[in-house]
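Chemist:
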Amino acid sequence: RLPRLEKETKADPKLKPLYDTLSKVKNLLEAGTPVHQAPGIEQEHIADLFLLTAKPVIYVFNLDDKSLQEGPLQKQVEELVRPANAIFVSAKLESELRGLDETDRVEFLESYGQKESGLVQLIHAAYDTLELQSFLTAGEKEVRAWTISRGTTAREAAGVIHTDFARGFIAAQVVDYYDLIEAGSLVAARSVGKVRTEGRDYIMQPDDVVEFRFNV
């Protein structure tokens, strides 16, 4: 494809950015460097190539119980796969956790020097790798988390719930999750000034609890 594109670029200079991107990708692959690790690659130029190395990667290592607690070994592996995320789990431990209630689960994890289960760690790593975050909505019948990309505006987030929310967006009533927990209720949080009104261009934050105002 590159030889043909090189000739076409001479006749049509507008194709040069595409040629430059594909040339860079070729050099990366020949050097054994994953495409997703290289800055400045125009994704629209390589979308039709369906390159596996253009996709973000998370490495999950299954360890025995003893190795799960050995920090030096894990640090060495993390250095090898950096900048990708590395998650260390014990499949045996994860299986045993499934039969425990929340209190016993916490104590069981602590006995192995762990704060979170491997599944929870993997979810966090996936969100980080894919640049995702969540916000919460809370009503009388349901509390729900919604997944959005980092940098999503309030109006765009409203559209994730329903297109009418985005189309008729007026404002977002926002309170930080930890402020809400400390206050005990939305009414109490509002009484101490923790609930704020944000406009359509507000950039959503990971700990936001939101009520959208809209009119259609």
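Number 689 marks the last residue of the sequence shown (this note's numbering); no jumps. Glycine is no exception: its CB is placed at the ideal position from the N, C-alpha and C atoms. All of these numbers come straight from a predicted model, not from anything done at the bench.
(1) To the nearest whole angstrom, what separates the beta carbons of I531 and N558, a pair I think is in contact under 8 Å?
(2) Report the rounded CA-to-CA distance for P529 versus I519, giving the unit in angstroms.
(3) I'd like to check one pair, T610 with V668: are the Cβ atoms closer than 7 Å?
(4) CA-CA distance, F534 and N688?
(5) Leaving out five residues before and five after T526 in sequence, what residues of the same chain have Cβ atoms less than 6 Å from its Cβ?
(6) Quick check: A627 and E589, are their CB atoms within less than 7 Å of each other?
(7) Report the residue ranges of all alpha helix (DSSP H) runs contained in full by the region 551-579; include only those spanning at least 4 residues, in chain order.
(8) Suppose you measure from the CA of A599 to the CA of L605; what does that come to, to the nearest Å?
(9) According to DSSP, Y532 sits in a beta bridge with which residue or residues?
(10) Where does F685 land, buried or exposed, given buried means 16+ other C-beta within 10 angstroms?
(11) With a CB to CB cut of under 7 Å and the five nearest residues on each side skipped, what residues in its chain are close to F638?
(12) With a threshold of 16 other CB atoms inside 10 Å of the CB of L536, please say whether the residue is buried or exposed.
(13) Go ahead and pull the three-state DSSP assignment for Q606.
(14) Between Y585 and L541, how many whole angstroms is the CB-CB distance? I'm expecting something under 8 Å.
(15) For the region 643-662 and the region 674-682, state whether three or more C-beta atom pairs, one from each stretch, are separated by less than 8 Å.
(16) Which value, in whole angstroms, describes the spacing of the CA atoms of L475 and L603?
(17) Which runs of the beta strand (DSSP E), 3 residues or longer, sit entirely within the region 590-663?
(18) Could you give the first and the last residue of the continuous beta strand (DSSP E) run that contains T494?
(19) Under 8 Å by Cβ, that's how I've got I560 and Q594 pegged, so tell me the actual separation to the nearest angstrom.
(20) DSSP puts F685 in a beta bridge; with which residues?
(21) If you reduce the DSSP assignment to three classes, tell me which class T506 lands in.
(22) How about G544 and V562: are their beta carbons less than 7 Å apart?
(23) On the three-state DSSP scale, how would you describe I676?
Modeler: On the basis of the supplied data:
(1) 5 Å
(2) 15 Å
(3) Contact: no.
(4) 49 Å
(5) P507 and V508
(6) no
(7) 564-570
(8) 8 Å
(9) Assignment of beta-bridge partners to Y532 by DSSP yields A559.
(10) buried
(11) Hits under 7 Å: A631, G632, F685 and F687.
(12) With a threshold of 16 other beta carbon atoms within 10 Å, L536 meets it and is buried.
(13) strand
(14) Approximately 6 Å separates the beta-carbon atoms of Y585 and L541; this is inside 8 Å, confirming the contact.
(15) yes
(16) 30 Å
(17) 605-611, 616-622 and 642-649
(18) Not the beta strand (DSSP E): T494 falls in the alpha helix (DSSP H), residues K489 to E503.
(19) 5 Å
(20) A645
(21) coil
(22) no
(23) strand
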